[in-house]
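Residue numbers (this note's numbering): 7 to 338.
Where a beta carbon is used, it is the ideal one built from N, C-alpha and C, also for glycine.
Bear in mind the structure is a predicted one, so any value in this text is a computation, not a measurement.
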Ligand code: NAP
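This is how it looks when you write it as structure tokens:
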């Protein structure tokens, strides 16, 4: 790469000014931050056609979009999940994809626990009653929730976030932890007495099923009608991973039939959640607008990591976090 001439970079989605300024010191930056409708924006298409690097999140980098960026060398996503990127199409061109693991792990684990507690203790449902001025009588058994402390948690996808959820659940809430992953995790067994098991066994035994696998061809609709049928009627499903890991229609049916007790959801098959979603109006769901990593500290740390990934990679230094590390070093 010719380092005498500044590389062209396209920035989109939310990036703090400090990161934009840092990028501008290294690159010619086409700034589309805060803009929507990018796929229909001719200026964005023109910038992409010239770009060696892109940084952002929330845009599906499919084969067609990648083909429209013939100079592209590095994509830096401000997310840990990379289901929005066609890895095969990137790999064929030797385009490096960088992401933001680790820096968001604890915040997402916090939110997973928040959804467990909120669902089981009916915090939103009962709190809304107070906020509406409708606290007319003491609660009775019809309003009671379920305990979290001492119950069994099943983690589907024992990776970075799964481990942090297990730590909180076991050490903080005295929970027994089961997990399902393709590989056993000796650290989880040692630190939290966590038990590696088949998905069906996890579903049958857990009071909370917490989904934390990445979305992939293998995990799409991993939790569907057959899996809901295996869960306890008293169990809660928590999804903080990706909406498509759960078959949403099957989940709605299971919730309506009270085949499970409830669900705490941060992610959905379609986001933002459509106004006609069958999830709206159900009593036994807690619905959040995809806020797993959305704290001031964590979003800043993610933006900083994505920024340094892009600066490092385009300047020939190995970036801290790579998804397809077989594309490093960059092809010139
Ligand atoms: P990670 O460290 O890669 O952990 C994912 C784990 O899932 C891996 O350890 C893997 O273990 C397991 N896994 C993968 N495919 C599987 C399969 N087919 N069956 C069973 N287990 C499988 O990722 P992470 O950093 O914990 O993040 C997890 C996911 O959370 C991300 O991919 C993202 O989609 C989601 N996320 C959501 C938010 C939010 O705002 N809601 C924020 C951050 C992340 P094995 O290899 O042993 O199977």
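First and last residue of the beta strand (DSSP E) that includes residue 186? Element bounds for residue 186: 182-186.
Just to confirm the assignment, what range does the alpha helix (DSSP H) spanning residue 297 have? It is not in any alpha helix (DSSP H) - residue 297 carries neither H nor E in the DSSP assignment.
Taking Cβ to Cβ, would you say residue 266 is nearer than 8 angstroms to residue 243? In this structure, residue 243 lies closer than 8 angstroms to residue 266 by Cβ.
Residues near residue 225 in its chain [Cβ-Cβ closer than 6 angstroms; skip 5 each side]: 219, 251, listed in sequence order.
Within the present structure, is the beta-carbon of residue 192 separated from the nearest heavy atom of the ligand NAP by less than 7 angstroms? Taken from the Cβ of residue 192, every heavy atom of the ligand NAP lies 7 angstroms or farther away.
Helix or strand or just coil, what does DSSP make of residue 120? DSSP, reduced to helix, strand and coil, places residue 120 within a helical segment of the structure shown.
According to DSSP, which residues form a beta bridge with residue 104? 82, 328.
What's the gap between the Cα of residue 271 and the Cα of residue 293? Note on geometry: alpha-carbon atoms of residue 271 and residue 293 lie some 5 angstroms from one another.
Which term fits residue 110, buried or exposed, when burial requires 16 or more other beta carbons within 10 angstroms of its beta carbon? Buried, by the Cβ-count rule.
What is the rounded straight-line gap between the Cα of residue 177 and the Cα of residue 198? Linking residue 177 to residue 198 through their CA atoms gives a straight-line distance of about 8 angstroms.
Across which residues does DSSP place residue 33 in a beta bridge pair? In DSSP, residue 33 forms a bridge with 13.
Proximity winner among 165, 187, 159, 167, relative to residue 180 (alpha-carbon distances): Selected option, being the one with the closest Cα: 159.
Could you have a look at residue 171 and say whether DSSP puts it in helix, strand or coil? Assigned with DSSP and collapsed to three states, residue 171 falls in helix.
Nearest to residue 115 (by Cα), restricted to the options 321, 73, 165: For residue 115, the nearest C-alpha among the options comes from 165.
Continuous alpha helix (DSSP H) assignments of at least 4 residues falling wholly in the segment 181-253: Whole alpha helix (DSSP H) segments, 4+ residues: 192-198, 205-211, 231-236.
Assess contact between the segment 75-93 and the segment 54-63, defined as three or more Cβ pairs (one per stretch) separated by less than 8 angstroms. Is contact present? Yes, the segment 75-93 touches the segment 54-63.
Taking the alpha carbon of residue 214 as the point to measure from, which residue in 305, 304, 126, 130 has its own alpha carbon closest? The shortest CA-to-CA distance from residue 214 to any of 305, 304, 126, 130 is the one to 126.
Where residue 315 falls, given that 16 or more other Cβ within 10 Å makes a residue buried: Buried, since its Cβ has 16 or more Cβ neighbours within 10 Å.
Of all the options 44, 84, 334, which has the alpha carbon lying nearest to the alpha carbon of residue 414? In the structure as shown, the chain starts at 7 and stops at 338, and residue 414 therefore has no counterpart that could be examined.
Extent of the continuous beta strand (DSSP E) to which residue 158 belongs: Bounds of the beta strand (DSSP E) holding residue 158 are 158-162.
According to DSSP, simplified to helix, strand and coil, what is residue 130? DSSP places residue 130 in helix when its eight states are reduced to three.
Quick check: the Cα distance between residue 319 and residue 211, rounded to an integer number of angstroms? Going from the Cα of residue 319 to the Cα of residue 211 covers about 46 angstroms.
Residues in the same chain with beta-carbon distance under 7 angstroms from residue 304, minus the five sequence neighbours each way, listed in chain order, please. Taken in chain order, the residues that qualify are 109, 110, 113.
Does the contact criterion of 3 or more C-beta pairs under 8 angstroms hold for the segment 78-94 versus the segment 295-312? Because the criterion of three Cβ pairs below 8 angstroms is met, the segment 78-94 and the segment 295-312 touch.
With 16 other CB atoms within 10 Å as the buried threshold, where does residue 321 fall? So residue 321 counts as exposed.
Span separating the alpha-carbon of residue 325 from that of residue 338: Straight-line Cα distance between these residues: approximately 16 angstroms.
Name the DSSP bridge partner or partners of residue 155? Residue pairing by DSSP places residue 155 in no beta bridge whatsoever.
Restricting to Cα atoms, I'd like to know which of 55, 221, 204 is closest to residue 88. Comparing alpha-carbon positions, the option among 55, 221, 204 lying closest to residue 88 turns out to be 221.
Using CA atoms only, rank isn't needed, just tell me which of 161, 216, 36 is closest to residue 191. It is 161 whose Cα lies nearest to the Cα of residue 191.
Would you say residue 247 touches the ligand NAP, meaning its beta carbon is less than 7 angstroms from a heavy atom? Under cutoff, so the answer is yes.
Check each candidate in 18, 237, 263, 24 and name the one with the smallest Cα separation from residue 54. Closest by alpha carbon: 18.
Per DSSP, what kind of secondary structure is residue 60 in: helix, strand or coil? Residue 60: strand per DSSP, three-state reduction.
What would DSSP say about residue 301, mapped onto helix, strand or coil? Residue 301: coil per DSSP, three-state reduction.
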